[in-house]
Amino acid sequence: SGYKPLFQTLVIDCCAVLGSPEWPVAPLMLRALWKFAYEMCIKEAFPLTHRNLAAELLGTIVCRVQQIIVQSSTPRLMDSEHEQSAFLPPQQTLKDLQEQQ
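Counting from 1121, one number per residue, gives the positions in the sequence shown under our numbering.
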């Protein structure tokens, strides 16, 4: 259908900025698209081509949300050479341990 590239681009763009503070409306748009696509998938009144597009859009959204979940739950070892990650406790040096005793 003629709307397929439009919906695909919209979903991909919203997924790309999902979680970004500069685009707070992205989750809301994805929720609306999710509801719309889900309704198309479960109702047999829609043509098979539309239901197929809806399933593709749902898959794209699920993959992006899963990536965000994995990225947020995976601790990073170091952000840079001299900077500790916010996920890890600060490392103690031998000097720090000696001072504590």
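Note that CB positions come from ideal geometry on N, CA and C, so glycine has one too.
Mark residue i as exposed unless 16 or more other C-beta atoms lie within 10 angstroms of its C-beta, in which case mark it buried.
| i | result |
| --- | --- |
| Thr1180 | buried |
| Cys1134 | buried |
| Val1131 | buried |
| Ala1165 | exposed |
| Gly1153 | Inspection of the sequence shows that residue 1153 is occupied by Leu rather than by Gly. The residue is buried, with at least 16 neighbouring Cβ atoms inside 10 Å. |
Please check the pair residue i and residue j, which I expect to be a contact at CB under 8 Å, by giving their CB distance rounded to whole angstroms.
| i | j | result |
| --- | --- | --- |
| Val1161 | Arg1151 | Before going further, note that residue 1161 is Cys rather than Val in the sequence given. Going by Cβ atoms, the distance from Cys1161 to Arg1151 rounds to 16 Å, so no, they are not a contact pair. |
| Leu1177 | Ala1157 | 5 Å |
| Lys1124 | Leu1173 | 6 Å |
Helix, strand or coil: how does DSSP classify residue i here?
| i | result |
| --- | --- |
| Phe1156 | helix |
| Phe1166 | coil |
| Glu1142 | coil |
| Thr1179 | The sequence shown places Gly at residue 1179, rather than the Thr named in the question. Correct three-state label for Gly1179: helix. |
Confirm the yes/no value for this check: CB of residue i, any heavy atom of the ligand HEM, distance under 7 Å.
| i | result |
| --- | --- |
| Glu1159 | The ligand HEM is not part of the structure shown, which contains no ligands of any sort. |
Requested in this report: Report yes or no: do three or more beta-carbon pairs, one from the region 1173-1189 and one from the region 1137-1157, lie closer than 8 Å?
Outcome: yes
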